[in-house]
Amino acid sequence: MLDTRARRPYCHAHGHDNAGCPLTARERMAVAMAKGQPNRPPVMCQLALGHYFLNTELDQIEIWHDTDAFAEALVTLQRRYGFDGILVNLPGRDPEWRSHVSEIKTDEHGTRIVKWSDGSLTTAPPDDNPHVRPAAVDTPFVPFDQVDPEALFYVEPHDLSGVTYPFSWGFSAEIAPVGGPDFFPRYHCNTLRRVRDVAGPDVSLHAEIFSPFTQLLELLGYTEGLTALALDDGKCLAILERLAAGTTCLASLNAKEDVDAILVSSAFVGAGFISRAYYEKFEAPFLRRIAAGVRSVRNDLPVYVHTCGAIGDRLDLMEATGIDGIDTLDPPPLGTVDLKDALQVLGKRVFIKGNIDPVHTMLNGTPDDVRRAALQRLQLAAPGGAYILSTACSVPPAAPVANVMALREAVEEYVGQGR
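Below is the structure:
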């Protein structure tokens, strides 16, 4: 397994290795995630799927359903925007997915519609995630009273056939064996491998997995899931325990690939959804377990968490789980994180990534607005390292290309000022 961090020892003070060579993008990200000071602040954003649909020449059906097409989209925009890393936020796809297609058509709005052999429908707008409507069911959610925790292992919200229970992958209709690596299909890590092949060895590659809490809500639906926490916490904890086992298993599989970090996506545990007390009860123990599981496979592999919205009141709880970094840090009005305050709470004990408003700045602002916002964040957080310049949450589908380009331009301006 290639590991550039072990191959070339760093001089953290100057951002060069001990042979005097400038850091690669991959090494630069590794220094920042290790809470060091790279030769320049790295920049890396997660892009909404719709942004790939609108800004590459690839069809949205191909990007969503095909491993090679998604890998091409990821690398195309990473190179265009000068990002130091790539987040792979879709799993590998069944290479035989086309054999399950009955018909593909396009409506008057540019939405691509796939009819599958089992009667399911996938609608893929030109600027938003595709949505699956399973055959012969009224809702994609599972009633809480019908869920057996022992039948759960991992719930993949972005599977081609959506969320199923008991879980089956794609349209094979074969129930996945509960427990162990064999639960995941043989092609599950193919996107990571393909992106590494296309991007080359010098780009930081991050794998995304979903937290047990996110999986709970994707399985039950947001209203019923949040209600269940209050009405039957015992069963919810049993579900989360099972999902934590599967999530740790998947994280460990990803850790064996040529990746540089694991991102745990846990969007729904901010103050807009649950209290600090609920965070400590329903999120923290399982996040801690996942981080420990990754370290049992690769002790040097960073694990960080993505949580949207109002997290200013729980940064300390997030750090206490033992993760290496925190992603998003949504500023007001989207969230509650003032970057200066966050730095006072966290210091440089964990790396932080984000804090640029994806809506008011990236989507509705100008390139000059983006540069000013980026420079402000860099001046606050980049000294001392452990900071990755990024939007708080995903770059919106319709964010102007020039605005995204302005992030890397701001880094160059910051470096040019002798920072």
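If you count the sequence shown from 1, you need to add 13 to reach the working numbering. From the three backbone atoms N, C-alpha and C, an ideal C-beta is built for every residue, glycine too. Just so we're clear, the structure is a prediction, and the values are computed from it rather than from any experiment.
Margin query: Which same chain residues end up closer than 8 Å to D326 when comparing Cβ atoms and leaving out the 5 residues on each side of it in sequence?
Written below: Indexing the sequence shown from 1 puts residue 326 at position 313. Around D326: A284, R289, T349.
Check: Quick one: is I188 buried, meaning 16 or more other Cβ sit within 10 Å of its Cβ, or exposed?
Finding: By 1-based counting over the sequence shown, the position of residue 188 is 175. Exposed: under 16 other Cβ atoms inside 10 Å.
Check: Quick one: Cα of N416 to Cα of L60, how far?
Finding: On the sequence shown, position 403 is the one that residue 416 refers to. On the sequence shown, position 47 is the one that residue 60 refers to. Their Cα atoms are separated by approximately 13 Å.
Checklist line | Residues bridged to A61 [DSSP beta-bridge criterion] | finding: Position 48 of the sequence shown holds residue 61. According to DSSP, which records beta bridges pairwise, A61 is partnered with nothing at all.
Checklist line | Sequence-distant residues of its chain with Cβ nearer than 6 Å to G63 (five each side left out) | finding: Residue 63 sits at position 50 when you count from the first residue of the sequence shown. Contacts found: D140, D141, P410.
Next item on the list: Give me the Cβ distance between F184 and S130, rounded to the nearest whole Å; I'm assuming they're in contact under 8 Å.
Entry: Indexing the sequence shown from 1 puts residue 184 at position 171. Indexing the sequence shown from 1 puts residue 130 at position 117. Contact flag correct, Cβ pair sits at about 7 Å.
Next item on the list: Along the beta strand (DSSP E) that carries I126, what are the first and last residues, could you check?
Entry: The sequence position of residue 126 within the sequence shown is 113, counting from 1. Note, I126: beta strand (DSSP E), 125 to 129.
Next item on the list: Go ahead and label A243 buried or exposed: buried means 16 or more other beta carbons lie within 10 angstroms of its beta carbon, across all protein chains shown.
Entry: For the purposes of this step, residue 243 is taken as the residue at position 230 of the sequence shown. Looking at its Cβ environment, which holds fewer than 16 other Cβ atoms inside 10 Å, A243 is exposed.
Check: Are the segment 225 to 233 and the segment 106 to 122 touching, with three or more C-beta to C-beta distances below 8 Å?
Finding: no
Margin query: Within 10 Å of its beta-carbon, does D107 have 16 or more other beta-carbons around it, so buried, or fewer, so exposed?
Written below: Locating residue 107 in the sequence shown gives position 94, counting from the first residue. Classification for D107: buried.
Note to self: Taking only three categories from DSSP, how would you classify Y427?
What the structure shows: For the purposes of this step, residue 427 is taken as the residue at position 414 of the sequence shown. Residue state, collapsed to three classes: helix.
Notebook entry, point to check: Quick one: what's K366 bridged to in DSSP?
Noted result: In the sequence shown, the residue the question calls residue 366 occupies position 353. According to DSSP, which records beta bridges pairwise, K366 is partnered with D340, I401.
Next item on the list: Out of L263, T341, Y292, point me to the one whose CA is closest to A304's CA.
Entry: As a position in the sequence shown, residue 304 is number 291, starting the count at 1. Nearest C-alpha to A304: L263.
Notebook entry, point to check: Applying the criterion that 16 or more other CB atoms from any shown protein chain within 10 Å of the CB defines a buried residue, is E169 buried or exposed?
Noted result: Sequence index remark: in the sequence shown, residue 169 carries index 156 (1-based). Looking at its Cβ environment, which holds 16 or more other Cβ atoms inside 10 Å, E169 is buried.
Next item on the list: Within the same chain, show all residues whose beta-carbon is closer than 7 Å to that of K118, passing over the 5 residues directly before and after it, in chain order.
Entry: One-based indexing of the sequence shown puts residue 118 at position 105. The answer, listed in chain order, is I126.
Note to self: Distance check for H78 and Q357, CA to CA, integer angstroms please.
What the structure shows: Along the sequence shown, read from residue 1 onward, the residue named residue 357 stands at position 344. Along the sequence shown, read from residue 1 onward, the residue named residue 78 stands at position 65. If I take the Cα positions, the gap works out to 43 Å.
Margin query: Strictly by DSSP, which residues pair up with F281?
Written below: Position 268 of the sequence shown, counted from the first residue, corresponds to residue 281. Note: F281 sits in no beta bridge, so no partner.
Checklist line | Contacting residues, own chain, Cβ-Cβ under 7 Å from A148 (five flanking each side not counted) | finding: Here residue 148 refers to the residue found at position 135 of the sequence shown. Excluding sequence neighbours, A148 sits near D131, G132, S133.
Item checked: Status (buried if at least 16 other CB within 10 Å, exposed otherwise) for N312 -> As a first step, residue 312 must be located in the sequence shown, where it is residue number 299. Flag for N312 reads exposed.
Item checked: Inside the segment 213 to 270 only - alpha helix (DSSP H) runs reaching at least 4 residues -> 225 to 233, 235 to 244, 246 to 268
Checklist line | Check whether L256 and L330 have beta carbons under 8 Å apart | finding: To locate residue 256, count along the sequence shown from 1; it is residue 243. To locate residue 330, count along the sequence shown from 1; it is residue 317. Cβ atoms of L256 and L330: not closer than 8 Å.
Margin query: For L146, report the span of its beta strand (DSSP E) as first-last.
Written below: In the sequence shown, residue 146 corresponds to position 133, counting from 1. A small correction: the amino acid at residue 146 is Arg; Leu does not occupy that position in the sequence shown. First-last of the beta strand (DSSP E) with R146: 144 to 146.
Checklist line | Per-residue burial, V150 [other beta carbons within 10 Å of its own, 16 or more giving buried] | finding: The count along the sequence shown starts at 1 and reaches residue 150 at position 137. It counts as exposed.
Check: What distance in whole Å lies between the Cβ atoms of A405 and L328, which are believed to be in contact at a cut-off of 8 Å?
Finding: The count along the sequence shown starts at 1 and reaches residue 328 at position 315. The count along the sequence shown starts at 1 and reaches residue 405 at position 392. L328 to A405, Cβ: 14 Å. No contact.
Item checked: M42 and G338 closer than 8 Å at C-beta -> Within the sequence shown, numbered from 1, the residue matching residue 42 stands at position 29. Within the sequence shown, numbered from 1, the residue matching residue 338 stands at position 325. No. Outside cutoff.
Checklist line | Candidates A268, F286, L266, T260, of which the one nearest E237 by Cα | finding: Translated into the one-based positions of the sequence shown, residue 237 becomes position 224. The residue with the shortest Cα to Cα distance from E237 is F286.
Item checked: Rounded straight-line distance, which links the Cα of Y427 to that of V96 -> As a position in the sequence shown, residue 96 is number 83, starting the count at 1. As a position in the sequence shown, residue 427 is number 414, starting the count at 1. Note that residue 96 corresponds to Phe in the displayed sequence, not to Val. Taking the straight line from one Cα to the other gives about 16 Å.
Check: Can you tell which of P179, F197, P104, T124 has the C-alpha that lies nearest to the C-alpha of T204?
Finding: Within the sequence shown, residue 204 is the residue found at index 191, counting from 1. Cα-wise, what sits closest to T204 is P104.
Item checked: Selected residue, minimal CA-CA separation from R301, among G429, K269, G335 -> As a working note, residue 301 is residue 288 in the sequence shown. Measuring from the Cα of R301, the nearest candidate turns out to be G335.
Notebook entry, point to check: Between the Cα of V56 and the Cα atoms of F196, G193, A419, S265, which residue gives the shortest distance?
Noted result: Stepping through the sequence shown from its first residue, residue 56 is reached at position 43. The shortest C-alpha separation from V56 is found at A419.
Item checked: Straight-line Cα distance separating R209 from Y200 -> Start at 1 with the first residue of the sequence shown, and residue 200 comes out as number 187. Start at 1 with the first residue of the sequence shown, and residue 209 comes out as number 196. The straight-line gap from Cα to Cα measures roughly 15 Å.
Item checked: Span of the alpha helix (DSSP H), counted from its first residue to its last, around V101 -> Working through the sequence shown from its first residue, we reach residue 101 at position 88. That residue, V101, is in no alpha helix (DSSP H); its beta strand (DSSP E) goes 98 to 101.
Next item on the list: Express the C-alpha separation of V414 and V272 in angstroms, rounding to a whole number.
Entry: Residue 272 sits at position 259 when you count from the first residue of the sequence shown. Residue 414 sits at position 401 when you count from the first residue of the sequence shown. So the alpha carbons of these two residues sit roughly 27 Å apart.
Checklist line | Alpha carbon of N377 to alpha carbon of Y292, nearest angstrom | finding: Here residue 377 refers to the residue found at position 364 of the sequence shown. Here residue 292 refers to the residue found at position 279 of the sequence shown. Going by the C-alpha atoms only, they are around 33 Å apart.
Item checked: Cβ-Cβ separation, E221 to L393 (assumed contact under 8 Å), whole Å -> Within the sequence shown, residue 393 is the residue found at index 380, counting from 1. Within the sequence shown, residue 221 is the residue found at index 208, counting from 1. Not a contact, Cβ separation roughly 27 Å.
Check: Distance, Cα to Cα, S403 vs I74?
Finding: Position 390 of the sequence shown, counted from the start, is the residue given in the question as residue 403. Position 61 of the sequence shown, counted from the start, is the residue given in the question as residue 74. The alpha-carbon atoms of S403 and I74 are separated by roughly 27 Å.
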